[in-house]
Every structure is written in structure tokens, then in C-alpha cells.
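To start, the structure under review is shown below, and the notes come after it.
Number of protein chains: 2
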Amino acid sequence: MSPKERKPGPKVAGRKEHFGRPRQRDAPRPPERRERSDQAGSSGRFWLYGTHAAKAALANPRRKFHRILVTERTRDLVPANLSPETLPPDAISRLLPQASVHQGIALLCDPLPALNLEDTVGLKPPGGRLVVVLDQVTDPHNEGAILRSAAAFGAAAVVVQDRHAPPESGVLAKAASGALDVVPRVAVVNIARTLERLGRLGFWRIALASDGDTTLSEAAAKGDVALVLGAEGAGLRRLVREHCDVSAHIAIADSIGSLNVSNAAAIAFYELRRIKG
Amino acid sequence: MSPKERKPGPKVAGRKEHFGRPRQRDAPRPPERRERSDQAGSSGRFWLYGTHAAKAALANPRRKFHRILVTERTRDLVPANLSPETLPPDAISRLLPQASVHQGIALLCDPLPALNLEDTVGLKPPGGRLVVVLDQVTDPHNEGAILRSAAAFGAAAVVVQDRHAPPESGVLAKAASGALDVVPRVAVVNIARTLERLGRLGFWRIALASDGDTTLSEAAAKGDVALVLGAEGAGLRRLVREHCDVSAHIAIADSIGSLNVSNAAAIAFYELRRIKG
Numbered sequence: 113m114s115p116k117e118r119k120p121g122p123k124v125a126g127r128k129e130h131f132g133r134p135r136q137r138d139a140p141r142p143p144e145r146r147e148r149s150d151q152a153g154s155s156g157r158f159w160l161y162g163t164h165a166a167k168a169a170l171a172n173p174r175r176k177f178h179r180i181l182v183t184e185r186t187r188d189l190v191p192a193n194l195s196p197e198t199l200p201p202d203a204i205s206r207l208l209p210q211a212s213v214h215q216g217i218a219l220l221c222d223p224l225p226a227l228n229l230e231d232t233v234g235l236k237p238p239g240g241r242l243v244v245v246l247d248q249v250t251d252p253h254n255e256g257a258i259l260r261s262a263a264a265f266g267a268a269a270v271v272v273q274d275r276h277a278p279p280e281s282g283v284l285a286k287a288a289s290g291a292l293d294v295v296p297r298v299a300v301v302n303i304a305r306t307l308e309r310l311g312r313l314g315f316w317r318i319a320l321a322s323d324g325d326t327t328l329s330e331a332a333a334k335g336d337v338a339l340v341l342g343a344e345g346a347g348l349r350r351l352v353r354e355h356c357d358v359s360a361h362i363a364i365a366d367s368i369g370s371l372n373v374s375n376a377a378a379i380a381f382y383e384l385r386r387i388k389g
Numbered sequence: 113m114s115p116k117e118r119k120p121g122p123k124v125a126g127r128k129e130h131f132g133r134p135r136q137r138d139a140p141r142p143p144e145r146r147e148r149s150d151q152a153g154s155s156g157r158f159w160l161y162g163t164h165a166a167k168a169a170l171a172n173p174r175r176k177f178h179r180i181l182v183t184e185r186t187r188d189l190v191p192a193n194l195s196p197e198t199l200p201p202d203a204i205s206r207l208l209p210q211a212s213v214h215q216g217i218a219l220l221c222d223p224l225p226a227l228n229l230e231d232t233v234g235l236k237p238p239g240g241r242l243v244v245v246l247d248q249v250t251d252p253h254n255e256g257a258i259l260r261s262a263a264a265f266g267a268a269a270v271v272v273q274d275r276h277a278p279p280e281s282g283v284l285a286k287a288a289s290g291a292l293d294v295v296p297r298v299a300v301v302n303i304a305r306t307l308e309r310l311g312r313l314g315f316w317r318i319a320l321a322s323d324g325d326t327t328l329s330e331a332a333a334k335g336d337v338a339l340v341l342g343a344e345g346a347g348l349r350r351l352v353r354e355h356c357d358v359s360a361h362i363a364i365a366d367s368i369g370s371l372n373v374s375n376a377a378a379i380a381f382y383e384l385r386r387i388k389g
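As you go down the protein sequences, you meet chains A and B in turn. Note that the numbering used here has the first sequence beginning at 113, numbered continuously upward. Note that the numbering used here has the second sequence beginning at 113, numbered continuously upward.
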């Protein structure tokens, strides 16, 4: 969702207005075949499916649902205060994008309400925080896997660029295996300015790049760290890299050019935690 | 490809018979629309596409091609002794599975000839070798990313189970970003027996599992290591785990169940290399 799309309408509203307050409850959406889409139009409403992703979404008080579809087998996954529709597996499949492996549960959701960087990062005590900054990682499988690892290593937030990140979708949520509803995902307009803000908050900003100046262990610091990862292929943009305190690489064999971005991220999270540990 | 399919026909033949020797050169296959498939029938013949994957395949003397399609822009990627067909990008797209991002190059290939474990592992000096064993990792994106990381960290081989691994395909090759033609991939019939063979070769066998007994650093050893990774979801099978010397886990937060298997693999490769280094 671009900022342009979000600013004027009621979809943005104040960040806090969305917490715990259902919206559009007076106008429930009737079942429609045109909802068969992973990412349905400018509302950002989308089908989230699969047991891990759905359980995490159902446990997230910030997540709003428009429909909850289950099978006889998955009914028990849904809290008693919600009213799911029970359908045969095939009927659920027909509402979802082709080849979606829904495992008997699908939720028609709104994207999560927007988060503010300083507030989000402030929820964890300073000193050992990890913030992950994604500079135009556009593949939802990659971002999903990064969210999953970020949650696994207790990251305080994952920052993405509003116009150059995948929208919330079933594919992103499935790849994140629940982490989309666990790790705070902060969308910002400008990555370079966000790095300035993180600098003011005392974060040590490490740019991960295959031609980085030092090894990751040398670049790591004991305090709060912001780890900045670039796009598949293109890597970090120059301006983004210039806004970091240090650039680091993961030492790999010459026979292969680079690691997959989610694999590089997982290694970096592990190494940063190990050094702090 | 199952062993049943491979044993009788000329496709298996002796392992060495395939090295550097083109086959079926007397009967070039005419262009056919039914080749539009990622993995074409029992021959295993498939379209490999994308610049990284194609460059690595063209540089691999063990890889045999039936057709080489390029655009005006990618002609120079093909060695002078081969004769590519130059086509518009759209015409290439029409021959490939839908939504294949071919970047102007596609190769109709045979799968690589089978490799023997002992011979393959014997190509590297003993003492610091890493062999990766995949127990029924079936998703080609995951296996591809694992191959890519295995190549990046200089693994001696990646072992997969013949009937429970993805066949060679464009998706696997693209996810591997060239590593399918760089890291030796050994298909075996039985993983437990393969672990016995690796044990006899002196490999220290580490089972990676979320409930593993020790941390990865504690489980690691200085000599040759076989790292065994289980399927997405199901994890390692009991019998496979019992054939390992030790089980190890990667310490992660409680809020998320597990890491993506390719992310766990990347961390493990990094950690094993770090400890040896």
C-alpha cells in the first residue's frame, strides 16, 4: 500500500485508533467470488491461510477479520468468541488464489494498522535490541522467511519501505509462518531518513553487503544494532549504505556469487545474537 | 527420478560415461510445444533458465543440452562452440512454465548424471569436509536455497533421497542461483544406510532438530562433518536421527516455532565453518 493510497481515506486513521477496535462491523461484506485474490484491491484486504499463519493472526489483538473459514477438522483453532463459517476444504480452495495450501483455515483480513518506529522500538529495553531494515526486498517469500527468522531471534522490529515492499498477503503470511503477526513490521517512506532516526536512538547501523568492509563479527557491537539488508540482485542502494556506520560481509566461497537474502539475514541474526550472548 | 526409472534405460549408464560426452547428438529434438513443462516426463529433461543458473550450467562439463535459447542481449553468455537459437523474449516465455523469469536465456537440459557418494566426497581432502544430508526436503525453493548456501560455504556434497527430493527443474535451478551446477548433488536410495557409509568414512554426523540435545557449537567437531536436516514440518525421521552421533538445535525465541529449513541450514553451515576456521 503506498502512502498516497493510505493518507486520505479512513484506512490509515490514527495508529492507535485501530488497536482492539473492529471497524466496518456495521457493514459486513457478503461472500463474493471477486474476493478470490491474494491481495484484493486498494483496501489491502487479503486472505491469510495455513495453520501457523492463521493461529498467529487469531492470537493477535491488532488483527481484524472479515471472514473466518474453517473445516470440521480446524474448528477448534478459532477462539470461542469468534464465529467461523465451516466449509468443505474444496470450497475454501475456490475462494483462495490457485494452489494456496490452506490446511483447512483461511481468514479474510485487513492489513495490520501502521506502526511508529520510535514507539515500536521503545517497547523493548535499550542495549540489546535488533532492528532489521529491508531496503527494497520485494519477493514475499524472501521477506516472509526474514520475518520468521527475525521473530525467532527476537528482533524488536522489521522496517520495510512502503512503496518497495510486498503488501501483506497470503503468500507473505505463509512464508512468515506466523511471524507476520508476531514481529512488529514498520513501513516507512524513506529508508535513509529512517537510518538517521535509528542513529539518533543510539543504534549501531550495519550494512550487510557482499563487498562489505569487515566481517560481521568485527562489525557487530554490544549495544542496539540496526542490520540493513539490500534487495535481491541489486543490493543496497548507495545512499542507504552511506547512512550506515559500517559495512560488513559474510565470508563465502568464490565459486558462488552471493547468498539468498533470507539466508544471509538468518546468518546475520544468529551471529549478532551469538556475539551479544 | 526414481531408481526404478533410472536403472534399466540408457539414461543412467555408468557414471563416468556421461562426463564430457554428448549424447543423442545424432537425433536433435525438433521444437515442440509439448516441451512447455518444467519437468518433462520420465526423461527428466527440463528447462533451466535465468542468467545465474544458465551461466553455471553452461560452465559445467557434465551438463548436456538439447536446446539453447537466447535473446539478442544474452547471446554472449553462450560459449562459441555451442549454437544457440536467438528468439524474442516472448517466444522463450511461451516455451517455459508460466511466470518463469528467464532473463533472456533458457536451456533444455538433461538432469546431471548420477554421482557416487564415496567418489564425490573423496574429491576433497579429509579433515574439514562438510556433507549436507537432506531427509525428505521436498520444496524446490528450499532445496535450491540450501544448494546455494552449501556452495557458498564450500560443502563437499549435498545428499538427497532419490524418491523424496524434488527432481531437477527450472525452479530448483533458479532457487539455487547456479549452485545446482556447482555443488555435487548425490541422490541415494536410503538415508539411514548413507549415514552408516558416512560414519565408516569418519564423518561426525550431526542431526539438526528444534529439540536437539545440544547447541550446534557444542555438537560441532573439527574433522569431517555430515549435517542432517529434516523435512519442512515433519522434521527428521526417527531412524535417520538414530543414525547420527549427536543431535543439535539452534537456540531461538519461544514466540516462534521453528526456522525455515533453508535458513536453519545457512546458519548451521556458517556456524560449522566458524568453529573450524
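All residues carry an ideal CB built from backbone N, CA and C; glycine is no exception.
- Going by C-alpha positions, arginine 185 (chain B) is about 53 Å away from glutamate 354 (chain B).
- Cβ atoms of threonine 306 (chain A) and histidine 276 (chain A) stay farther apart than 8 Å, at about 13 Å.
- The shortest CA-to-CA distance from alanine 165 (chain B) to any of B:Ala380, B:Leu292, B:Arg312 is the one to B:Leu292.
- In this structure, proline 252 (chain B) lies away from valine 213 (chain B), with their beta-carbon atoms at least 7 Å apart.
- Positions of the alpha helix (DSSP H) runs, each at least 4 residues long and wholly inside the stretch 294-347 of chain B, are given as 303-312, 328-331 in order along the chain.
- Within its own chain, the residues whose Cβ lies closer than 7 Å to the Cβ of alanine 263 (chain A), once the five positions on either side in sequence are excluded, are Ala291, Val294, Val295, listed in chain order.
- For isoleucine 379 (chain B), the nearest beta carbon of chain A is closer than 7 Å to its own beta carbon.
- Using a C-beta cut-off of 8 Å, the stretch 374-385 of chain A makes contact with the stretch 315-333 of chain A, since at least three inter-stretch Cβ pairs fall below that distance.
- By the Cβ rule, the stretch 228-243 of chain A does not count as touching the stretch 171-178 of chain A, because fewer than three pairs are nearer than 8 Å.
- Put simply, the stretch 297-304 of chain B touches the stretch 216-230 of chain B. At least three CB pairs are less than 8 Å apart.
- Contact check for serine 289 (chain B) and arginine 309 (chain B): beta-carbon distance about 30 Å, past the 8 Å limit, so the pair fails to qualify.
- Any Cβ of chain B closer than 7 Å to the Cβ of serine 322 (chain A) would place that residue at the interface, and such an atom is absent.
- At least 7 Å separates the CB of arginine 175 (chain B) from every CB of chain A.
- Take the alpha-carbon of proline 278 (chain B) and the one of glutamate 255 (chain B): they are about 8 Å apart.
- Isoleucine 364 (chain A) and phenylalanine 265 (chain B) have their C-alpha atoms spaced approximately 5 Å apart.
- In this structure, DSSP gives phenylalanine 381 (chain B) a helical state, which the three-state scheme calls helix.
- Only exposed fits lysine 334 (chain B), as fewer than 16 other CB atoms lie within 10 angstroms of its CB.
- Inclusion of glutamine 215 (chain A) and glycine 162 (chain A) in the CB contact set at 7 Å is warranted, their separation being smaller than that value.
- With contacts defined by Cβ atoms closer than 7 Å, glycine 311 (chain A) and histidine 361 (chain A) do not form a contacting pair.
- In the three-state reduction of the DSSP assignment, serine 281 (chain A) falls in the coil class, being assigned neither a helical nor a strand state.
- Residue pairing by DSSP places serine 359 (chain B) opposite B:Ala319 in a beta bridge.
- Excluding the 5 residues flanking it on each side, serine 374 (chain B) has same chain C-beta neighbours closer than 6 Å at Asn254, Ala257, Ile258, in chain order.
- The Cβ neighbour count for glycine 239 (chain A), taken over all protein chains shown within 10 Å, is under 16; the residue is labelled exposed.
- Threonine 250 (chain A) carries a coil assignment under DSSP once its states are collapsed to helix, strand and coil.
- Glutamate 184 (chain B) sits in coil when the DSSP states are folded into three classes, being neither helix nor strand.
- Counted as a single uninterrupted DSSP element, the alpha helix (DSSP H) harbouring isoleucine 204 (chain B) occupies residues 201-207.
- C-alpha of valine 352 (chain B) to C-alpha of arginine 386 (chain B): approximately 26 Å in a straight line.
- At a Cβ-Cβ threshold of 7 Å, leucine 160 (chain A) and isoleucine 180 (chain A) do not count as neighbours.
- Counting along the chain, leucine 229 (chain A) sits inside no beta strand (DSSP E); it lies in the alpha helix (DSSP H) bounded by residues 229-233.
- Annotation for aspartate 222 (chain B): Gly156, Arg157, Lys176 place their beta carbon closer than 7 Å to its own, counting only its chain and skipping 5 residues before and after.
- Its chain contains Val182 as the residues whose beta carbon lies nearer than 6 Å to that of threonine 198 (chain B), once the 5 sequence neighbours on both sides are disregarded; these appear in chain order.
- Asparagine 302 (chain A) counts as exposed, since fewer than 16 other C-beta atoms from the protein chains shown sit within 10 angstroms of its C-beta.
- Taking 7 Å as the threshold, the shortest C-beta distance from leucine 235 (chain B) to chain A does not fall below it.
- Linking glutamate 344 (chain A) to serine 359 (chain A) through their CA atoms gives a straight-line distance of about 17 Å.
- DSSP, reduced to helix, strand and coil, places alanine 226 (chain A) outside both helices and strands of the structure shown, so it counts as coil.
- For the C-beta of isoleucine 364 (chain A), the chain B residues within less than 7 Å are, from N- to C-terminus, Ala264, Phe265.
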